[in-house]
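Sequence order for the protein chains is A and B. No gaps in the numbering here: position 2 of the first sequence is 1 in numbering that gives the first Met the number 0, and each next residue is one more. No gaps in the numbering here: position 99 of the second sequence is 98 in numbering that gives the first Met the number 0, and each next residue is one more. Think of the CB as a built atom: it goes at the ideal place given N, C-alpha and C, for glycine as much as any other residue. Please read these numbers as outputs of a predicted model, since none were measured by experiment. Accompanying notes for the structure given below.
There are 2 protein chains.
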Amino acid sequence: MRTPITLTPIGYVKNSRSGMKDDFWGNVISEITISDNLLEECLDGIEDYSHLEIIFYLNQTDTGNKIYKASHPRENPEWAKVGVFARRNKDRPNHLGLTIVKLISRKGRTITVQGLDADNGTPVLDIKPVSKEYLPREEVKQPDWQTELMKDYWK
Amino acid sequence: MRTPITLTPIGYVKNSRSGMKDDFWGNVISEITISDNLLEECLDGIEDYSHLEIIFYLNQTDTGNKIYKASHPRENPEWAKVGVFARRNKDRPNHLGLTIVKLISRKGRTITVQGLDADNGTPVLDIKPVSKEYLPREEVKQPDWQTELMKDYWK
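If you want it as structure tokens, here you go:
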């Protein structure tokens, strides 16, 4: 049943970040140039959107046989242990990262975006435009620790 | 450089949908049971969130060597041709689907969600909780065709 799935990067993140640091991503500017095997026109019309969703591969996290026990977010014992699917931690099954970014510009095969929380060299797997209709249609609720954890994230 | 990446489903979508239809997803109820190789506690704490992001694999789309030319959304000639990264079309490089759903309940290894636009049997690659801080921090703009296309999507 659990057939493996093989994906190929469509491009790579180019920015000034390294070391997978926790915070201060809000002003980070990144470029993504789509791979040579894709047509430049794959990006046509993207300028009509203000925001994009970037799915990327966290290639620096441990890919060993982990069992993903519930744990304290950011190893903070004041926050209760939560499971890997109740947090957006980098270290997770399939190592997928996912972030909404602001589109700054598109030039040929390259987009420039703001607020992508991925290090330089990170493989990109997909780019989707943010459509208002795909955002939550009801009030969003989350635990207090999540709000606290994000305090400096976009600074 | 473009090293292939291998992922393994963490579960599969169980619902009443088939045939990859375009619209009427809003009331669809789906179950996702996480795989036996993952601990049940991977879902601990997920009940504290109202919404989740589901990344899934569109296994019914053509996986051949496509070049993804710009095309009319829904083959509607009244809408201008756009590139694959300027639309959320199912047929795309890496075949990744991505949708915010409403969490209805969690029971052991199973979550029940509303509004997942994926057919029965679709492999799930990741579950992330929706955090308000990850939603767009500025006004979202999109082309008119996108708004029109989504008219009946969540009905």
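- By the rule that beta-carbons nearer than 9 Å mark a contact, residue 49/A touches chain B.
- By the Cβ criterion, the stretch 129 to 146 of chain B is in contact with the stretch 42 to 53 of chain A, since at least three pairs of Cβ atoms, one from each stretch, lie closer than 8 Å.
- Check the Cα spacing between residue 2/B and each of 123/A, 147/A, 132/A and 130/A: the tightest is with 123/A.
- Per the Cβ contact rule, the stretch 52 to 62 of chain A is in contact with the stretch 83 to 97 of chain A (3 or more Cβ pairs under 8 Å).
- Sixteen is the threshold: since fewer than 16 other Cβ atoms of the shown chains lie within 10 Å of the Cβ of residue 73/B, the residue is exposed.
- Linking residue 34/B to residue 103/B through their CA atoms gives a straight-line distance of about 20 Å.
- For residue 130/B, the neighbours in chain A by C-beta distance under 7 Å run, in chain order, 87, 141, 145 and 149.
- Here residue 53/A carries a strand assignment [DSSP, helix/strand/coil].
- Among the residues facing chain A, residue 84/B is included, as its CB has a counterpart in that chain under 9 Å away.
- Put simply, of 115/B, 5/B and 21/B the residue whose alpha carbon is nearest the alpha carbon of residue 13/B is 115/B.
- Judged by DSSP in its simplified three-state form, residue 142/B adopts coil rather than helix or strand.
- Between residue 82/A and residue 11/A, the C-beta spacing is not below 9 Å.
- The alpha-carbon of residue 154/B is positioned some 15 Å away from that of residue 117/B.
- By the Cβ-count criterion, residue 17/B is exposed, with fewer than 16 other Cβ atoms from all chains shown falling within 10 Å of its own Cβ.
- Residue contact check for residue 101/A against chain B: a CB pair falls below 9 Å.
- Put simply, the backbone Cα of residue 109/B is about 24 Å away from that of residue 59/B.
- Interface annotation, residue 37/B: in contact with chain A, CB-CB separation under 9 Å.
- Assigned with DSSP and collapsed to three states, residue 80/B falls in coil, not helix or strand.
- Annotated three-state conformation of residue 67/A is coil, per DSSP.
- Rounded to the nearest whole angstrom, the C-alpha separation of residue 79/A and residue 30/A is 37 Å.
- Cβ contact annotation for residue 22/A (same chain, cutoff 6 Å, sequence separation greater than five): 151 and 152, in chain order.
- Contact between residue 6/B and residue 66/A fails: their C-beta atoms lie close to 18 Å from each other, not under 8 Å.
- For residue 99/A, the three-state secondary structure derived from DSSP is strand.
- With respect to the C-alpha of residue 143/B, the residue from 107/B, 93/B, 85/B and 132/B having the closest C-alpha is 85/B.
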